[in-house]
Amino acid sequence: MKKKLILSIVGILSLFFFNANAQVTIFSSNLETWTGNVPVGLSGSKTNTPAANINPYTTSSHSPLTSCKLENTTSTHTRFSTQPLTVTNATTYTVSFWVRGHGDIRLGLFDGRSTSYGYATYNAYNVINSSSWTQITETIAAAADTSKAEFIFSFRNTNADIDHLQIDDITITRPGTANPTITINTPADGATVYSADVPIAFNVSEFVVGNPGAGIDGHIHYSVDGGTAVMQYTTLPIMLTGLSAGNHQVILQLVDNTHNPLTPNIADTVNFTIDLTLPNPQTIYNIQHSTGSPANSSQLNLVTTTSGIVTATCTPGYFVQDGTGLWNGIYVYDNLHFPAVGDDITVTGTIKEYFGFTEFTDITGLTIHSSGNTLPAPVAVTGVNLKDTVVGEAYEGVLVKITNAVCSNIPSNFATYGEWTIFGGDSCHVDDLIFHYTPTLNTHYDITGVVYLGFHNYYIEPRSAADVQINSGITELSQNNISIYPNPVSTTLFVNEMENISSIEVADITGRIMLSSKVNGESEYINMSSLSNGTYFVRFVNNGTVVSVKSIVKN
């Protein structure tokens, strides 16, 4: 009897400890499904790594075919996060992932806690330098109850020798027993939608959705207006197309891998109305144009409809123009629809002023009429046009081009924010909302991009490498090859091989003439010792006309 009693106690204790150590999966991704540069379930709002530096990677994967390549060659970290997840205060979460390549990576968490701007303290970096896959398992504790938590992979110092860092097979678990949920986020119950095409966005927690396989709990069945159930194997928005005007109902239900509903049943329902009579149609010019101060839109806070060509896409949203010229561009903040550059669209939403930047938000309808359309020609600008929020208002959302502008400043925080300064008639800023480019100081560029307002500055946002072209910054004389040296210069600047030059001017980056001298012959020297360190422009003048310009650095 004593032996049996001991065995029974051991069995009870084993059962107790098994249950106490049970883990519930709240997130799992094998990085196989992507929308452009966005892997399903990842690239949340706390991601600040440029989209161009997050890419599907098929050269090597842990399983089965695709991993995610992360690139950040600087020593300042950038973030790659999950989409919002539900976490509970004082709960410790276990994050497991596989990694290879070359760089440093660590784990973090944003849960909106009352300290540290809502972020948990990052774990220590894992230094990776191997072509073999290594599994990393770490824990991090939540300090708030929220459905908007994002788990963060912070990384830096990646190196191309092993194709930077690659990450695969991410799993996040918590202690306890699973309590699956499915919640429809968009459209809101009772909403009116102004398009026959409707995305159904939803959130699933504590239930891993996917094709049947190891670690997969099941998938989703959805029905429209009581019709036959359709199977969905991802948590991407469900795009319904061609719906008629009138009332509609959509039901989403969690099912197991054999298509059986869970017990108890886990489902959610949304009812909405489609109205194909578009509200408040306006041209973009009518939405944007203003002579007031502040220059707020005349359609502020109104549900409005407009049409145009998509000129750029970003995360989240896109830029639209309905013509060439001032006041003809606008930014649409939208994380549900994904039109492509060149699409002709009609969009309905609410007009807002976001810190002075006019934009569409709360999108309630989008229709794509055609694709591959010719874009409006970029508007030629100088730094003067974008120097402040008063002058630059007319260029908001417009595709522009600045020519022969010199990179005059690369801030110390460039690696984090991707912002740099150019001078072309006046100073203006280039940013990496869409495409990250590493400039070279004192190099001249031709830059095309859309105009975006942030932190009280207007930025030119190039869309790809094709939008940033090096310009020599020099207009050569047809029969001359003027040379200047040394560059950088400390005291004396020598100029040789001049023909038909009557004078030389040295201007600072604001255009102010700092030095000038008459030219006698084909060679000249200029005493630069009185000038402060910085970038200057040497102008070669022939009878009052500037015929050539060269940039120099004084140190």
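Going by my numbering, the letters in the sequence shown line up with residues 2 to 556, in that order.
Cβ atoms here follow ideal geometry from the backbone N, Cα and C, with glycine treated the same way.
Remember, it's a predicted structure, so these values are computed and weren't measured experimentally.
Between which two residues does the beta strand (DSSP E) containing residue i stretch?
i      : result
Ile514 : Ile514 to Lys519
Pro56  : The residue you asked about is not Pro; residue 56 is Asn in the sequence shown. Counting along the chain, the beta strand (DSSP E) containing Asn56 begins and ends at Ile55 to Tyr58.
Val401 : Leu400 to Asn410
Ile252 : Gly247 to Asp257
Arg464 : Element bounds for Arg464: n/a, residue is neither H nor E.
Arg114 : It is not in any beta strand (DSSP E) - Arg114 carries neither H nor E in the DSSP assignment.
Phe495 : Thr493 to Asn497
Phe273 : Ala268 to Ile275
Leu303 : Premise fails: Leu303 is in no beta strand (DSSP E) and is neither H nor E.
Ala341 : Looking at the DSSP string, Ala341 is not in any beta strand (DSSP E), and its letter there is neither H nor E.
Gly535 : Gly535 to Asn543
Lys555 : Thr546 to Lys555
Ala197 : Looking at the DSSP string, Ala197 is not in any beta strand (DSSP E), and its letter there is neither H nor E.
Is it buried or exposed, residue i, if we count other Cβ atoms within 10 angstroms and call 16 or more buried?
i      : result
Ser413 : exposed
Thr476 : Because Thr476 carries a pLDDT of 45, less than 50, the predicted location of this residue cannot be relied on, and no value is offered for it.
Met240 : exposed
Thr242 : exposed
Gly214 : exposed
Met529 : buried
Gln480 : Bear in mind that a pLDDT of 41 at Gln480, under 50, signals an unreliable position, so the number given afterwards is only what the model happens to contain. So Gln480 counts as exposed.
Gly425 : buried
Asp218 : buried
Asn329 : buried
Leu86  : buried
Thr174 : buried
Thr229 : exposed
Val547 : exposed
Met499 : buried
Phe208 : buried
Asn158 : buried
Cα separation between residue i and residue j?
i      : j      : result
Cys408 : Asn534 : 16 Å
Leu478 : Asn488 : Interpretation of Leu478 is limited by its pLDDT of 40, a score under 50 that renders its predicted location unreliable; the figure taken from the coordinates is listed afterwards. Approximately 21 Å between the Cα atoms of the pair.
Asp164 : Thr75  : 15 Å
Ala53  : Thr34  : 17 Å
Val380 : Ile461 : 12 Å
His222 : Val256 : 7 Å
Phe18  : Tyr94  : Only weak support exists for where Phe18 lies, its pLDDT of 40 falling under 50; the value from the coordinates is given anyway. Going by the C-alpha atoms only, they are around 18 Å apart.
Phe339 : Leu327 : 25 Å
Asn543 : Arg513 : 19 Å
Pro282 : Thr305 : 6 Å
Phe538 : Val550 : 7 Å
Thr536 : Thr383 : 18 Å
Gly474 : Phe436 : Residue placement at Gly474 is poorly supported in this model, since its pLDDT is 46, which falls under 50; the coordinates still yield a value, given next. Spanning the two alpha carbons is a distance of roughly 23 Å.
Ala341 : Asn73  : 26 Å
Ala1   : Thr270 : Given that the chain is displayed from residue 2 to residue 556, the structure contains no residue 1 and the question cannot be resolved.
Ile403 : Ser531 : 32 Å
Ile331 : Val39  : 23 Å
Val321 : Leu442 : 32 Å
Ala189 : Ser61  : 41 Å
Met176 : Arg107 : Before going further, note that residue 176 is Pro rather than Met in the sequence given. In a straight line, the C-alpha of Pro176 is about 22 Å away from that of Arg107.
Gly104 : Asn49  : 17 Å
Ala125 : Ser517 : 57 Å
Thr284 : Thr36  : 30 Å
Locate the alpha helix (DSSP H) running through residue i, then write down its first and last residues.
i      : result
Phe415 : Phe415 to Tyr418
Tyr332 : Tyr332 -> not in any alpha helix (DSSP H); beta strand (DSSP E) instead, spanning Gly330 to Val333.
Pull the bridge partners of residue i from the DSSP assignment, please.
i      : result
Trp99  : Gln136 and Asp169
Ala202 : Thr187
Tyr286 : Tyr286 pairs with nothing; no bridge assigned.
Ala142 : Thr93
Gly318 : Cys315
Ser291 : Beta-bridge pairing links Ser291 to no other residue.
Pro40  : Trp35
Tyr459 : Leu454
Ile558 : This structure cannot settle anything about residue 558, because the visible part of the chain is limited to 2 through 556.
His220 : Val256
Tyr637 : Residue 637 is absent from the structure shown; the chain starts at 2 and stops at 556.
**Prompt:** Is the region 347-363 close to the region 286-304, with three or more CB pairs under 8 Å?
**Reply:** yes
**Message:** Closer than 8 Å is the cut-off here; do at least three beta carbon pairs connect the region 107-123 with the region 148-155?
**Reply:** yes
**Request:** Report yes or no: do three or more beta-carbon pairs, one from the region 66-83 and one from the region 413-422, lie closer than 8 Å?
**Result:** yes
**Asked** So, do the region 353-371 and the region 185-205 have three or more beta carbon pairs nearer to each other than 8 Å?
**Response** yes
**Request:** Give a yes or no on contact between the region 425-435 and the region 286-296, applying the rule of three or more CB pairs nearer than 8 Å.
**Result:** no
**Asked** Is there contact between the region 517-529 and the region 494-505, where contact requires at least three CB pairs shorter than 8 Å?
**Response** yes
**Message:** Tell me whether the region 444-461 and the region 392-404 touch, counting them as touching only if at least three CB pairs, one residue from each stretch, are closer than 8 Å.
**Reply:** yes
**Asked** Counting pairs of beta carbons, one from the region 115-125 and one from the region 168-184, are three or more of them closer than 8 Å?
**Response** no
**Asked** So does the region 132-149 actually touch the region 88-102, counting three or more Cβ pairs closer than 8 Å?
**Response** yes
**Request:** Determine contact between the region 41-57 and the region 22-30, defined as no fewer than three beta-carbon pairs at a distance below 8 Å.
**Result:** yes
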